[in-house]
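Written out below as structure tokens is the structure these notes cover.
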Amino acid sequence: MMQHFVRPDGTPPVNGYSHAVAFTGTMVAVSGQVPVDAHGRVVGAGDTADQVRQVFANLVTALEAAGAAMDHVVKLTVFLTNLDDLDTFRQVRDEYLDTARPPACSLVKVAGLVHPAFRVEIDALAVLPAGA
Numbered sequence: 002m003m004q005h006f007v008r009p010d011g012t013p014p015v016n017g018y019s020h021a022v023a024f025t026g027t028m029v030a031v032s033g034q035v036p037v038d039a040h041g042r043v044v045g046a047g048d049t050a051d052q053v054r055q056v057f058a059n060l061v062t063a064l065e066a067a068g069a070a071m072d073h074v075v076k077l078t079v080f081l082t083n084l085d086d087l088d089t090f091r092q093v094r095d096e097y098l099d100t101a102r103p104p105a106c107s108l109v110k111v112a113g114l115v116h117p118a119f120r121v122e123i124d125a126l127a128v129l130p131a132g133a
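Per this note's numbering, residue 2 is the first one in the sequence shown, and the count goes up by one each step.
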């Protein structure tokens, strides 16, 4: 069970996230995913959209391993090295999420990530569907 509170009365406008998500069930925590493919190669050096797509592809793979999917994500934490990448991040994010029922989300601008070519890292919390 998931209930999305996209914009409760008295909260500021949102852009692709819910202010709160209530849920019951088994929680799945997904470690921060970076723009690296299954062979350990950096994807999209210098191309934010390619990097965000790889990060979401990695999130999908990790979630599937745990019996979950992107529709089960209740919270994302996004780390960007450059806030100029925010619009690109949002466009790609919306390819992977149900924009009518978006997860809660935190965005953090960071000075750098573990590899200098990484522009984005995302971790997630999801809830397994009933009976999973």
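The beta carbon of each residue, even a glycine, is placed where N, CA and C say it ideally should be.
Computed from a predicted structure; not experimentally measured.
- Across the structure, G113 and V43 are spaced so that their CA atoms are roughly 15 Å apart.
- G132 is classed as exposed because its beta carbon has fewer than 16 other beta carbons within 10 Å across all chains shown.
- A direct Cα-to-Cα measurement between A63 and V35 gives close to 12 Å.
- The segment 48–55 makes contact with the segment 87–107; the number of CB pairs closer than 8 Å reaches 3 or more.
- The Cβ neighbour count for F57, taken over all protein chains shown within 10 Å, is at least 16; the residue is labelled buried.
- When C-alpha distances from P130 are compared across V121, A70, V111, the shortest belongs to A70.
- Around the beta-carbon of R8, fewer than 16 other beta-carbon atoms lie within 10 Å, marking it exposed.
- Counting the other Cβ atoms within 10 Å of the Cβ of F6 gives fewer than 16, which makes it exposed.
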